[in-house]
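Numbering (the working numbering), first residue to last: 101 to 232.
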């Protein structure tokens, strides 16, 4: 029974991780801002969770959530390092695609926000595993 419950939790975490990947890719590749269309009735206005500093805070938070979901959904896998590489490559590729998507532009602050979110979770994961 306990094994069944654990397998279901992992299944739903993986479903959440893959769904979050899909949603992130759709939001990234949309020519404009889906959230701006929804909240402000203006597809060119981007809502912000917190003000941006050196990096894009929205991107930082999005990749913290995505990386955390990825770790929890693959916690029993030996492929955590592959997951980190996948997330870094995903963030770079999606940001580079902004060079060819109408109404979007490549922003180093967005890319740094993506990678900073991933690295932040990696550090917490590595420290936790080292002292656990």
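Using N, Cα and C, we set each Cβ at its ideal position, and we do this for glycine too.
| Asked | Found |
| --- | --- |
| Count the other CB atoms, across all protein chains shown, that sit within 10 Å of the CB of residue 159; report buried if there are 16 or more and exposed otherwise. | buried |
| Are residue 155 and residue 213 closer than 8 angstroms when you measure CB to CB? | yes |
| Quick one: what does DSSP say residue 179 is sitting in, helix, strand or coil? | coil |
| Taking 6 angstroms as the limit between beta carbons, can you name the residues of its chain near residue 173, skipping five residues before and five after? | 113, 114, 117 |
| Please give the ranges of any alpha helix (DSSP H) in the stretch 132-202, keeping only runs that are unbroken, at least 4 residues long and fully inside the region. | 134-140, 157-173, 180-197 |
| Buried or exposed for residue 194, going by 16 or more other Cβ atoms inside 10 Å? | buried |
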